[in-house]
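One structure is given here, and the rest of the page talks about it.
In this note's numbering, the protein residues as written are 3 to 310.
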């Protein structure tokens with residue numbers, strides 16, 4: 003049994019991760035916004051008396067959609083505080099713990115291959131610059147502390163996570179795949195017009211959250227002091243996602259309107275996952291059709307929330 007600390011443990015990934023860790027018999031402590039303000043270094047003092055074996059740092063101040071366009075300064079300040087406080091506390095109070103951190107595909111410059119060795123190369127796209135750079139700085143901190151103090155770490159870079167258990171509260175921005183499902187369900191049952199941002203040709207990659215957690219935990223047993231992309235290895239146009247979801251929901255995809263005036267972020271974003279497959283040869287991911295069915299079924303189960 004390990005003693006494990008998870009920041010951001012009540013988020014989408016955090017809930018799935020902590021459930022698996024607890025089911026495996028580990029002693030898990032969760033930090034969330036109600037029991038620890040990570041922008042304040044003293045908020046971590048309550049955990050000084052426990053020697054953790056591992057720290058999963060998932061907490062970040064961001065949202066999906068066009069949030070990054072309007073909060074770049076806040077994202078820089080808040081996330082830098084969170085990450086600096088975590089790294090400082092780790093080095094001072096938990097030096098024997100292994101730190102497992104989340105990066106973001108937003109950190110990559112799309113002009114370079116989306117391979118781990120290029121994570122710190124070039125410049126993230128303008129709309130995601132602040133958030134992407136804070137994640138680069140987190141990785142730079144891991145590298146620096148490891149070099150000087152011998153700290154052990156892993157830095158995982160996920161593509162977009164999907165699966166059951168995502169927040170469905172009205173009015174809150176969602177990652178694109180959940181937003182597609184929400185809009186199409188509302189189109190089906192409320193006869194609302196379904197309007198998607200862009201022309202539908204922009205491409206995205208997905209990794210099912212159950213796959214991500216399994217891969218992350220398996221790699222954690224094998225690797226340390228490494229950066230590893232975890233993704234599906236293939237990307238698909240938004241239009242194709244919309245058509246597949248429409249078929250599962252029973253909605254006529256021909257009714258969807260595409261608004262080319264709206265923000266779409268990067269046109270293409272598919273991680274090179276050669277490294278993860280080298281470390282876990284033969285790993286078979288949940289297929290896209292099966293994975294989409296899990297979130298459509300989940301959203302239909304909570305249809306009243308989506309239709310509110």
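Idealized CB from N, CA, C, for every residue including glycine.
- Here residue 269 really is in contact with residue 204; their C-beta atoms are around 5 angstroms apart, less than 8 angstroms.
- Of all C-beta pairs linking the stretch 141–150 to the stretch 242–261, fewer than three are shorter than 8 angstroms, placing the two stretches out of contact.
- Cβ-Cβ distances below 6 angstroms link residue 28 to 3, 4, 6 in the same chain, with the five nearest sequence neighbours on each side left out; the list follows chain order.
- Of all alpha-carbon atoms in 99, 88, 119, the one lying nearest the alpha-carbon of residue 228 is that of 119.
- Of all alpha-carbon atoms in 183, 280, 139, the one lying nearest the alpha-carbon of residue 82 is that of 139.
- DSSP places residue 219 in the uninterrupted alpha helix (DSSP H) bounded by 211–224.
- Remark: C-beta atoms of residue 273 and residue 107 approach each other more closely than 9 angstroms.
- Nearest in C-alpha terms to residue 243, of all of 11, 54, 208, is 208.
- With three or more CB-CB distances shorter than 8 angstroms, the stretch 282–298 counts as touching the stretch 158–172.
- Cβ neighbours of residue 190 within its own chain (closer than 8 angstroms, five residues either side excluded): 251, 252, 253.
- By the Cβ test, the stretch 36–48 is in contact with the stretch 73–88, since at least three Cβ pairs between them sit closer than 8 angstroms.
- Looking at the DSSP output, residue 29 shares a beta bridge with 5.
- In this structure, the beta-carbon distance from residue 54 to residue 31 falls below 9 angstroms.
- In the structure shown, residue 36 adopts coil according to DSSP, grouped into three states.
- Going by DSSP, residue 72 is part of the alpha helix (DSSP H) stretching over 69–72.
- In terms of CA proximity to residue 213, 235 leads the group 178, 112, 188, 235.
- Residue 196 carries a coil assignment under DSSP once its states are collapsed to helix, strand and coil.
- Taking a C-beta distance under 9 angstroms as the contact criterion, residue 102 and residue 49 do not qualify as a contact pair.
- Under DSSP, the beta-bridge partners assigned to residue 260 are 198.
- Look at residue 254 here: in three-state DSSP terms it is coil, with no helix or strand label.
- According to the DSSP assignment, residue 164 belongs to the beta strand (DSSP E) that extends over 162–164.
- For residue 135, the enclosing alpha helix (DSSP H) has its first and last residue at 131–151.
- Shown here, residue 157 sits in a strand according to DSSP, grouped into three states.
- Bounds of the alpha helix (DSSP H) holding residue 305 are 305–309.
- The residues 38, 39, in chain order, have a CB closer than 7 angstroms to that of residue 45 in the same chain once the five nearest residues on each side in sequence are set aside.
- In terms of Cβ geometry, residue 57 and residue 93 do not form a close pair [threshold 9 angstroms].
- Counting along the chain, the unbroken beta strand (DSSP E) around residue 237 starts and ends at 237–239.
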